[in-house]
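Inspection log for the structure reproduced underneath, given as structure tokens.
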Amino acid sequence: AVVIKSVEETSKVDPARKTVLFSQTTMDKPTFYQIADALRERIKELEVGTFEESAVDFHAKDTICGQVSGRDKKLREFAAKNEVVVFVAGRNSSNGKVLYEICRDTNPRSYFVEDETELKGEWFEERDTVGISGATSTPQWLMERVKLAIENIFQPATV
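First residue of the sequence shown: 380, per my numbering; consecutive thereafter.
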């Protein structure tokens, strides 16, 4: 098995061998399809001039979690409309890591915390709007605790 995470790493895959591409359930869809397209292109180049019976098989299986991919667009909009984003999730949450990266790609003032004790004053300015989001498994009560801590300690414009 060969593990790849980007289009650049597709060179690790032997295009002469039968290939099945699976995604991690929390991978972002655009990257998965870019990798699949790059692999298809490499295999197509190999197939030029070969006999039909020796053609290489390639299959791409999209196993990306619908809850992650379904939140992508709305999360980008959410991150863009707030000056600061605090993303609440467990450090080992694959779902949380992917969703946080979506926020950070859209808004560089996005911060990952497990709970309110990890908040830092230098993240906030007096007139900031702050958005709070979390992983699929992050409980609402935990995000409420983070919200209260931000309101009580840092007093931004809106949370």
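All residues carry an ideal CB built from backbone N, CA and C; glycine is no exception.
Could you tell me which residues DSSP puts in a beta bridge with V381?
Along the sequence shown, one-based indexing puts residue 381 at 2. Paired residue(s): none; V381 is not in a bridge.
Is the beta carbon of A528 closer than 7 Å to that of E504?
Sequence index remark: in the sequence shown, residue 504 carries index 125 (1-based). Sequence index remark: in the sequence shown, residue 528 carries index 149 (1-based). Against a cut-off of 7 Å, the Cβ pair of A528 and E504 comes out as no contact.
For a quick check, are the C-beta atoms of T485 and R455 less than 7 Å apart?
If you number the sequence shown from 1, residue 485 lands on position 106. If you number the sequence shown from 1, residue 455 lands on position 76. Inclusion of T485 and R455 in the CB contact set at 7 Å is warranted, their separation being smaller than that value.
If you draw a straight line from the C-alpha of M522 to the C-alpha of E388, how long is it?
Counting from one through the sequence shown, the residue named residue 522 turns up at place 143. Counting from one through the sequence shown, the residue named residue 388 turns up at place 9. Cα-Cα distance, rounded: 37 Å.
To the nearest angstrom, how far is the alpha carbon of S385 from that of E420?
Residue mapping note: residue 385 aligns to position 6 of the sequence shown, counting from 1. Residue mapping note: residue 420 aligns to position 41 of the sequence shown, counting from 1. For S385 and E420, the gap between their C-alpha atoms comes out near 15 Å.
Exposure of N474, with buried meaning 16 or more beta-carbon neighbours within 10 Å:
Taking the sequence shown and counting its residues from 1, the one referred to as residue 474 is at position 95. Taking every protein chain shown into account, the CB of N474 has 16 or more other CB atoms within 10 angstroms, so this residue is buried.
Identify the continuous alpha helix (DSSP H) that holds S473 and give its terminal residues.
Taking the sequence shown and counting its residues from 1, the one referred to as residue 473 is at position 94. Boundaries of the alpha helix (DSSP H) harbouring S473: 473 to 485, taken from the DSSP string.
Closest to R483 by CA distance: which of A458, Q413, A468, S472 is it?
As a working mapping, residue 483 is identified with position 104 in the sequence shown. Shortest Cα-Cα distance from R483 to any of A458, Q413, A468, S472 involves A458.
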